[in-house]
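Remarks on the structure that follows.
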Amino acid sequence: MGRAFVYVILGGGVAAGYAALEFIRKGVQPGELCIISEESVAPYERPALSKGFLLPEAPARLPAFHTCVGANDERLTPKWYKENGIELVLGTRVKAADLRRNTLLTATGETISYKTLIIATGARALRLEEFGIRGTEGENICYLRSLSDASKLVDTMNACAGGHAIVIGGGYIGMECAAALVTNRIKVSMVFPEAHCMARLFTPKIADFYEEYYESKGVNFIKGTVLSSFENDSEGKVVAVILRDGTRVATDMVVVGIGITPNTGLFDGQLSMDKGGIKVNGQMQTSHSSVYAVGDVAAFPVKLFGGRACRLEHVDSARKTAVHAVNAIMGPGRAPDLDYLPFFYSRVFGLSWQFYGDNRGDVIHYGDFAGARFGAFWVDRGRLVGAFLEGGSKDEYEAIARAVRASVPVGDLAELERLGVDFALRVNAQDGKSTGGGGLLQTPAYPWHAAAGVAVAVSVAGLAYLYGRRRKFL
Ligand code: FAD
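Below you can see the structure in the form of structure tokens.
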């Protein structure tokens, strides 16, 4: 027994929600589209899980942060899917895919067939046991990828109010969780092997700023080391972590953010892979012509990087690749190849940063590192390739995005350092004057409101006012 659809989206996360809206805009008819998701709720804005969801007061809860609220679009509640005749198959894991027969087999034994498949399976959090750590069954060990993970984290935080937490990992999940824990009045120690936090993006100078800020909030950093084991009580709960050098750190709970791995397993041997994900072309089409892949799972060519394939683990890319795939599917041969400017952001406490492009080449810091309005530019072979800005205004973020997209030539690095964000503002202004806006700088790949994910990426503490009074959901 089984069902058949014209279009099936496998996975019900951020990308699935944005794809669904685009399908409806492009005229998909009731009964043609199905979304299959292991999660038991309709697609939602995942970044909210480490931000508004963890607030101690007026926390965000569904339905308030269903997609596509993060791009100021319609909020797609389960009612919306029903009204539009989209079949939501929730709480259902797909356990096998047969791309030759165009079928998916669910864990409940149903076969679902399609004409066109979009793979939007995202990624899963890496687990400590995969690195040989023992004692990881403790109920007070938390991960954060799904709504159920976030609910468990909230329960665990509530059970150890006033206590101590250890955060394993210094990436954005670790940093955002640490901020949330502090906001919930839990003392935090962060443990990670790198020399500084956010090592994949931050320079040591940028990291210094955030580490000092976190320390001012009471966070203790234990850097350059890893966890080697847990000490558990008689009920199995973790009471301490043991570090590689034998140091014992007592704790009431543990949050693990050590990275993710894309969910590609169903397609091993059936599709071409790249960068640990599913390889697609500029139409988001895989090596199988009726199968597309989007979001965290897809490795796609970034024109701005000379066509280099990238697999991005960020929400803006999930949204844009999803919409692009639907356009390619609904208008075959008409959609140009995706021309994407990599973008990501984070907001913690009262801080907020955005990054555009690539962090290769020479790095030039600028701004006031003491006053929380600073940034960095990356210049490669005489051209601007990346920009980071903390504490910028809407115009400034827009300006750095446009300058990176235009690969502005940079002759004088000292001048770039002196001008800082004004460099981008001036380039934008000059472009507007000399060409009426259509010259050196082209319109950014996405407008501000869509790029920022403004509604979702609000800070854990700094914008509590906003949460409480104006956007209760985030
Ligand atoms: P997901 O949103 O992960 O969705 C994948 C879906 O597929 C899930 O519902 C999953 O259950 C389902 N699935 C997988 N396998 C199967 C299967 N076999 N059968 C059925 N269903 C399946 N990015 C930023 O840029 N800024 C941020 O501030 C930010 N904050 C974040 C905070 C958190 C806590 C997390 C976890 C991520 C954050 N991200 C952020 C990253 C961003 O959320 C992801 O890039 C985005 O969710 C990717 O979307 P996706 O649709 O590809 O995957």
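Heads up, my numbering is the position in the sequence shown plus 32, with the first residue counted as 1. Cβ atoms here follow ideal geometry from the backbone N, Cα and C, with glycine treated the same way.
{"Asked": "Beta carbon of Pro441 nearer than 8 Å to that of Arg415", "Found": "yes"}
{"Asked": "Nearest-angstrom Cα separation, counted from Asp427 out to Pro479", "Found": "Note that Pro479 scores 33 on pLDDT, short of 50, meaning its location in the model is unreliable; the coordinates nonetheless yield the value given after this. Rounded to whole angstroms, Pro479 to Asp427 spans 11 Å at the Cα level."}
{"Asked": "Whole-number beta carbon distance between Ser319 and Asn134, since they are thought to touch under 8 Å", "Found": "Actually they are not in contact, since the Cβ atoms of Asn134 and Ser319 sit about 15 Å apart, beyond 8 Å."}
{"Asked": "heavy atom of the ligand FAD below 7 Å from Gly44 C-beta", "Found": "yes"}
{"Asked": "His320 - containing alpha helix (DSSP H), residue span", "Found": "Run containing His320: none; DSSP gives neither H nor E here."}
{"Asked": "Neighbourhood of Ala48 by C-beta distance below 6 Å, restricted to the same chain and skipping five residues each side", "Found": "Ile41, Ile67, Pro75, Ala152"}
{"Asked": "Euclidean distance between Cα positions of Ile165 and Gly365", "Found": "50 Å"}
{"Asked": "Closest Cα partner of Ser260 within the set Glu54, Asn252, Glu267, Val281", "Found": "Val281"}
{"Asked": "Buried versus exposed call for Ala191 [16 or more other C-beta atoms within 10 Å across all chains shown]", "Found": "exposed"}
{"Asked": "Segment limits, beta strand (DSSP E) that includes Ser221", "Found": "219-224"}
{"Asked": "Contact test: Glu345 Cβ vs the ligand FAD heavy atom, cutoff 7 Å", "Found": "yes"}
{"Asked": "Close Cβ partners of Val358 (< 7 Å) along its chain, the five nearest in sequence each way excluded", "Found": "Ala51, Glu54, Phe55, Lys58"}
{"Asked": "heavy atom of the ligand FAD below 7 Å from Phe409 C-beta", "Found": "no"}
{"Asked": "Phe381 beta carbon near the ligand FAD (any heavy atom closer than 7 Å)", "Found": "no"}
{"Asked": "Own chain partners of Arg35 with C-beta closer than 6 Å, once the 5 adjacent residues on each side are dropped", "Found": "Ile144"}
{"Asked": "Any non-hydrogen atom of the ligand FAD within 7 Å of Ser319 CB", "Found": "no"}
{"Asked": "N-terminal and C-terminal residue of the alpha helix (DSSP H) that Ile68 is part of", "Found": "Careful: Ile68 lies outside any alpha helix (DSSP H), inside the beta strand (DSSP E) at 65-68."}
{"Asked": "Opening and closing residue of the alpha helix (DSSP H) in which Ser183 lies", "Found": "179-191"}
{"Asked": "Residue of Gly123, Ala438, Ala182, Ser439 minimising C-alpha distance to Gly209", "Found": "Reading off the sequence, residue 209 comes out as Cys, not Gly. If we check each option's Cα against that of Cys209, Ala182 comes out closest."}
{"Asked": "Neighbour flag for Gln462 against chain B, beta carbons, 8 Å", "Found": "In the displayed structure, chain B is absent; only one protein chain is listed."}
{"Asked": "Whole-angstrom distance between Arg379 and Arg447, CA atom to CA atom", "Found": "Correcting the residue type first, residue 447 is Glu in the shown sequence and not Arg. Their backbone Cα atoms lie some 29 Å apart in a straight line."}
{"Asked": "For Thr143: DSSP bridge partner residues", "Found": "Gly34, Leu137"}
{"Asked": "Counted within 10 angstroms of its Cβ, other Cβ atoms place Ser72 as buried (16 or more) or exposed", "Found": "exposed"}
{"Asked": "Short Cβ contact (8 Å threshold) for Leu370 with Phe332", "Found": "yes"}
{"Asked": "Host alpha helix (DSSP H) of Leu87 (start-end)", "Found": "It is not in any alpha helix (DSSP H) - Leu87 carries neither H nor E in the DSSP assignment."}
{"Asked": "Pairwise C-alpha distance: Ala360 and Met305", "Found": "20 Å"}
{"Asked": "Closer than 7 Å: Leu131 CB and nearest the ligand FAD heavy atom", "Found": "no"}
{"Asked": "Three-pair Cβ contact test at 8 Å for the segment 257-272 versus the segment 87-94", "Found": "no"}
{"Asked": "Selection from Phe241, Lys255, Gly256 that minimises the alpha carbon distance to Lys249", "Found": "Phe241"}
{"Asked": "Gln315 (DSSP reduced to helix, strand or coil)", "Found": "coil"}
{"Asked": "Stretch pair the segment 172-189 + the segment 285-293: three plus CB contacts closer than 8 Å", "Found": "yes"}
{"Asked": "Cα-Cα separation between Gly170 and Ser384, rounded to whole angstroms", "Found": "34 Å"}
{"Asked": "Per-residue burial, Ala461 [other beta carbons within 10 Å of its own, 16 or more giving buried]", "Found": "exposed"}
{"Asked": "Proximity test, Leu298 beta-carbon vs the ligand FAD heavy atom, cut-off 7 Å", "Found": "yes"}
{"Asked": "Backbone secondary structure at Tyr429 - three-state DSSP", "Found": "helix"}
{"Asked": "Beta-carbon proximity of Val510 to Val436, cut-off 8 Å", "Found": "Here the chain has residues from 33 to 506 only, and residue 510 is not among them."}
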